[in-house]
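Note that this note's numbering has the sequence shown beginning at 9, numbered continuously upward.
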Amino acid sequence: MPNVDLPDDCFGDYLEAREIMQRSPRAAAALLRLVIQKLCRHFGEPGRDVNQDIAALVRQGLPVTMQQALDSVRVIGNEAVHPGELDVRDNPEVVSVLFTIVNLIVEKMLTEPRKIAELYQALPPRKLDGIAQRDK
């Protein structure tokens with residue numbers, strides 16, 4: 009199942025990829041690449057060229073593990089549409105790993121920051137003011 013913080017515009021593509029994974033791993037991989045493209049928009053990038061979006065995120069401090077995760081889904085999903093060195097036609101196992109990677113990306117880049125922000129905002133206002141004063 010998709011991570012609960014997967015943005016709404018990615019949700020349908022993710023579920024469709026799940027539905028067709030066994031019949032067409034290539035199509036599922038391509039849909040997951042589309043999910044990555046849409047996630048890049050949520051991370052503040054244009055979402056037109058996923059490779060450039062990932063490069064921009066790296067320049068902004070994207071952790072290497074997240075860059076590798078994004079690139080893994082990008083490359084495998086792209087190869088599903090434009091065959092090259094990878095052939096995912098008969099490999100639902102690879103696509104299954106892509107689902108896990110998408111959920112990890114959402115966990116690290118959306119769920120964890122949301123949870124930390126919720127915890128931080130729950131601090132008493134006096135303590136938040138003290139932190140703000142300290143950081144000036």
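Where a beta carbon is used, it is the ideal one built from N, C-alpha and C, also for glycine.
Everything numeric in this text was worked out from a predicted model, so none of it was measured.
Coil, strand or helix - residue i by DSSP
i, result
"GLN75", "helix"
"LYS123", "helix"
"PHE51", "coil"
"VAL103", "helix"
"MET9", "coil"
"SER80", "helix"
"GLN30", "coil"
"ALA130", "coil"
"LEU14", "coil"
Residue i, enclosing alpha helix (DSSP H) - first and last residue
i, result
"HIS90", "First-last for HIS90: undefined, no H or E at that position."
"ASP137", "133-142"
"GLN60", "58-67"
Any non-hydrogen atom of the ligand NAP within 7 angstroms of residue i CB
i, result
"ARG41", "Among the components of this structure there are no ligands whatsoever, and the ligand NAP is therefore not found."
Assumed close pair residue i, residue j - CB separation to whole angstroms, cut-off 8 angstroms
i, j, result
"MET74", "ILE113", "6 angstroms"
*Looking at C-beta atoms only, is the number of pairs between the stretch 71-84 and the stretch 49-63 that lie closer than 8 angstroms three or more?*
Judged by pairs of C-beta atoms under 8 angstroms, the stretch 71-84 touches the stretch 49-63, as three or more such pairs exist.
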